[in-house]
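Below you'll find the structure, written out as structure tokens, and then a few comments.
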Amino acid sequence: MATKTMNQAGFGPAMRRSTDLIIVIAIIAVVLMIVIPIPTLLLDILLSINIALALMVLLVTLYTNEPLHFSTFPTLLLITTVFRLALNISATRLILSKAEAGRVIETFGNFVVGSQDLSGIVVGIVIFTIIIVIQFVVITSGAQRVAEVAARFTLDAMPGKQMAIDADLNAGLITDDEARGRRRQIEKEADFYGAMDGASKFVRGDAIAAIVIVIINIVAGFFIGIMFHGFDIRTAAITYTTLTIGEGLVTQIPALLLSVGTGIIVTRAASEANLGQDFAGEMLQQPRAISIVGVVLFLMAIVFPAIIVKIIFFLLAIIAWSLSYTLNLAAKAESEAKAASKGKEDLKREPENVLPLIQVDTMELEIGFALIPLVDPSQGGDLLDRVTMLRKQIALDFGLVVPPIRIRDNMQLNSNAYSIKIKGVEVSSGKVEIGYYLAMKPGFDGSDLEGIAGKDPAFNLPAKWIKEEEKKKAEMKGYTVVDVPSVMSTHISEVIKAHSDELLTRQDVHKLVDAIRKTNPAVVDELIPGMLSLGEVQKVLQNLLREKVSIRDLVSIFEILADYAKTTKETDLLTEFVRQGLARQFTNKYTKNGIMHAITIDAGLEQKMVDAIRSSDRPGVVGLEPKIIQMIYSSLIAEFRKNAGTDYEAVILCSPMIRSYLRKIVEKILPNMAVLSYNEILPKVEVRAVGKVKVDL
7 MATKTMNQAG FGPAMRRSTD LIIVIAIIAV VLMIVIPIPT LLLDILLSIN IALALMVLLV
67 TLYTNEPLHF STFPTLLLIT TVFRLALNIS ATRLILSKAE AGRVIETFGN FVVGSQDLSG
127 IVVGIVIFTI IIVIQFVVIT SGAQRVAEVA ARFTLDAMPG KQMAIDADLN AGLITDDEAR
187 GRRRQIEKEA DFYGAMDGAS KFVRGDAIAA IVIVIINIVA GFFIGIMFHG FDIRTAAITY
247 TTLTIGEGLV TQIPALLLSV GTGIIVTRAA SEANLGQDFA GEMLQQPRAI SIVGVVLFLM
307 AIVFPAIIVK IIFFLLAIIA WSLSYTLNLA AKAESEAKAA SKGKEDLKRE PENVLPLIQV
367 DTMELEIGFA LIPLVDPSQG GDLLDRVTML RKQIALDFGL VVPPIRIRDN MQLNSNAYSI
427 KIKGVEVSSG KVEIGYYLAM KPGFDGSDLE GIAGKDPAFN LPAKWIKEEE KKKAEMKGYT
487 VVDVPSVMST HISEVIKAHS DELLTRQDVH KLVDAIRKTN PAVVDELIPG MLSLGEVQKV
547 LQNLLREKVS IRDLVSIFEI LADYAKTTKE TDLLTEFVRQ GLARQFTNKY TKNGIMHAIT
607 IDAGLEQKMV DAIRSSDRPG VVGLEPKIIQ MIYSSLIAEF RKNAGTDYEA VILCSPMIRS
667 YLRKIVEKIL PNMAVLSYNE ILPKVEVRAV GKVKVDL
């Protein structure tokens, strides 16, 4: 902030380096002043600089819009306090040793004391005491309390502010750079008020030190003047009291100015204007209040008997009424101008825009109150980072750009529960135990672990929540142990995969097409819109994603579509052609050591399905009898159970003609089971049959 201000003021790098050197030398010189005597002329100059510096700091605080615009204030407060104490020590040394302390201190002392007698000394002491009391009891104590409360409230508000920033970032409303800037701003604000809480104690301590120094100077000076300088009692009392009062005033007036500046900057709310503009704008916005003040002043002018008092209050009443009248005229003119402007706008006004009210977020994660620390980086939460990495991983694995996931708290949820929504509708939910780990393994029993019985939210499998001290024990017994953020991120990942086709909107496809057009314009221009519309391309891509087929290689997909779109516009059939063109992807995904384990379809059942497809008068609808479909379900479940727990992932293998229709049957009971056709497997793959789906026809 300081660097930016210097740059704006025209300071170049060389000037900034010189300024840094000057500050270093000045701080060292202040420390040396405490132990090295200085001449009276130099003391006069330094005292004058102290007053000027304090006045400049006060004016800067008045014209500062936000406290962070003067972020160096706590450090400056410390430096000026030490500088002032060094001046006190130097002045005390001169007063006690030479009975003089330069022209500045002498002038201040004589000005306040006035007559060189006992009454003048008493008046000077009283005035000095009043200044100290005002600074110590009123301004410094109040500023210290405000700084302490502001620091505590700022720290308490940090988690909420950071959550709001993270939510805006996840929603795509701000960029990463803007989010980092906002977080840094919050950190600076907390650091500033924390520093001000401590720095305000410097001024308080300085006021206490001033009282002690005054007492020492008067008492010690009185005895030194009599014993070593040969002063009589009256001369010693007047001399040392005058010099001490002058020294106290010349150092405490700048301290008072800095105390006022401290109070102003810690009580300053964020605004786009300086204090003077805010004060004028807020005080003068109530003309009626000013008019009432004028009435009260007029009544006081009548009540008081003294003529001069009557004249003063009467003039003030006239000024108040005049100001109120002027403000009323200005407000009336402004109101008429607004009414005229509003009338013009009403003529041009279009129907009220209610579109923002019906817009919903593509994906939302609502969390209970106890889960807020998981998304708060200041409390060690890393769920937001996991979600960001998750979106990147989905893009790499499936070619799908997942929209930003808005995370918000929902007080209606159980404190440990969360809900995952797609387009405003809940599609899945879960419950976790904060401070625990989720332990699970195939054939889970859980009787050998101590913890809370539960389920894995992602796969709905039995599991157990265990304490951290049970973690190593569970891992040694073969359990997979994961923390709460991992459980939630895995659940979100599975939801995205299960509903990836819903997340791919036409606008997303348009963006993908534009990205491909930059590198491969030929295939895009050939395919869209001449052969297929954007919506038809979207349907094909959604069909692929529905079966967890990656669409990352869009160039190959578009080339295949361009080859076959000349003969058919049926998106289901085009999807099958694309799948066959992506045979390498299926081969790599479902083979292990060159072997694919497959559950085949009985030849009689395949022929039955082919006949049903040919006889169907509606594309995509298979006219199988419910009895046959039920037998297919039973056979599928039996084969699935037989192959469960093996070290391979079995697929269902069938002819290309029935693949898409069989998939629609399979996904009802086994949504994660892959259904492939013979044309989707490379010739080099060894297919090993591990089961067969058959029915009694």
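In the working numbering, the protein residues as written are 7 to 703. The C-beta atom is built at its ideal place from N, Cα and C for all residues, glycine as well. Quick caveat, the model's predicted, so the values are computed rather than measured.
Per-residue burial, residue i [other beta carbons within 10 Å of its own, 16 or more giving buried]
i	result
S96	buried
E456	exposed
L264	buried
P491	buried
E692	exposed
F310	exposed
T332	exposed
T113	exposed
I136	exposed
P409	buried
G536	exposed
E686	buried
V128	exposed
M39	buried
E253	buried
Which listed residue (the options) has its alpha carbon closest to that of residue i
i	options	result
I251	F583, V218 and L264	V218
K429	V407, E508 and T486	E508
G227	L255, A215, A216 and T241	T241
Y485	K517, L510, K447 and S499	K447
G436	A445, I426 and L444	I426
I601	I522, E645, R189 and V657	V657
H75	Q191, I55 and E673	Q191
A571	T525, L538 and L38	L538
N594	S621, L688, V681 and L59	L688
T65	A201, K194, V110 and G269	Checking the sequence shown, residue 65 turns out to be Leu, not Thr. Comparing Cα-Cα distances from L65 to each of A201, K194, V110 and G269, the minimum goes to G269.
S421	I671, I440 and I411	I440
A35	T86, I57 and S77	T86
A185	M169, D212, E195 and K670	M169
D569	I534, I140 and G697	I534
L377	A326, K398 and Y442	Y442
L709	K461, I557 and K524	Nothing about residue 709 can be reported from this structure: the residues present for the chain run from 7 to 703 only.
L510	G541, S495 and V487	G541
E195	L49, F375, K398 and I271	I271
DSSP state of residue i mapped onto helix, strand, coil
i	result
T332	helix
S54	helix
R412	strand
P80	helix
E106	coil
E692	strand
T574	coil
I44	coil
A469	strand
K338	helix
G436	strand
I180	coil
H718	Past the boundaries of the shown model lies residue 718; the chain is included only from 7 to 703, so the question cannot be answered.
Y69	coil
A423	strand
M446	strand
G460	strand
L455	coil
T606	strand
G18	Unreliable positioning characterises G18 in this predicted model, as indicated by a pLDDT of 49, which lies under 50. The coordinate reading is nonetheless provided below. DSSP places G18 in coil when its eight states are reduced to three.
M679	coil
E524	In the sequence as presented, Glu is not what sits at residue 524; that position holds Lys. Three-state result, K524: helix.
K483	coil
Min CB distance residue i to chain D below 9 Å
i	result
R558	Absence of chain D from the displayed structure is noted, only one protein chain being present.
Inter-residue CB distance, residue i and residue j (contact presumed, cutoff 8 Å)
i	j	result
V701	I634	6 Å
E655	Y596	6 Å
I498	V407	Not confirmed; about 16 Å, so no contact.
L642	L676	6 Å
I230	L102	6 Å
N116	T248	6 Å
L303	L322	5 Å
I413	A60	With 8 Å as the limit, I413 and A60 do not qualify as a contact, their Cβ atoms being about 49 Å apart.
- For the segment 378-387 against the segment 334-345, are there 3 or more C-beta pairs whose distance is under 8 Å? Pairwise C-beta distances place the segment 378-387 out of contact with the segment 334-345, as fewer than three of them are shorter than 8 Å.
- Quick one: any contact between the segment 536-555 and the segment 648-659, if contact means 3 or more CB pairs under 8 Å? No, they do not touch.
- Task: Report yes or no: do the segment 573-586 and the segment 661-669 share at least 3 C-beta pairs separated by less than 8 Å?
- Result: Put simply, the segment 573-586 touches the segment 661-669. At least three CB pairs are less than 8 Å apart.
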